[in-house]
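Take a look at the structure below.
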Amino acid sequence: MLLLLLLLLLLLLLLLLLLLLLLLLLLLLLLLLLLLLLLQLLLLLLYYYYYYYYYYFYYYYYYYYYTTTTTTTTTTTTTTTTTTTTTTSTTTTTTTTTTSTTTTTTTTTTTNF
């Protein structure tokens with residue numbers, strides 16, 4: 001009878017140990033699931049980080065790279081010379097010279113896409 005009680009107690013102890021092992025296994029599975037969710041969140045954040053910064057810098061790099069500013073300076077010089085000679089018995093009058101200069105500055109922004 002005592003032997004039967006000891007066997008029953010041992011069986012109960014083994015069942016408790018098995019239950020504890022199953023509980024531990026369940027806990028490990030939950031931990032693994034949590035780690036997978038965290039990994040998924042990290043990958044999602046990396047994806048958005050890459051998407052935002054890649055397209056942000058791509059846009060500004062190509063915008064500034066392909067946008068050039070050209071400054072053109074045009075100088076036009078016009079010289080007009082008028083010579084008039086008038087001679088009288090006591091005086092001689094000569095030469096009238098007119099010079100005009102025009103400077104034009106043009107700034108052009110060209111985008112080459």
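Those letters in the sequence shown? Residues 1 to 113, per UniProt numbering, in order. Virtual Cβ for every residue (Gly too), placed ideally from N, Cα, C.
Going by beta carbon distance, what residues of the same chain come within less than 8 Å of residue i, once the five residues before and after it are set aside?
i: leucine 41; result: none
i: leucine 2; result: none
Short check: CB of residue i to CB of residue j, under 9 Å?
i: threonine 91; j: threonine 85; result: no
Could you name the residues that DSSP lists as bridge partners for residue i?
i: threonine 85; result: In DSSP, threonine 85 forms no bridge with anything.
i: threonine 92; result: Thr87
Under 8 Å: does the beta carbon of residue i sit that close to some heavy atom of the ligand MN?
i: leucine 30; result: Of ligands this structure carries none, so the ligand MN is not represented either.
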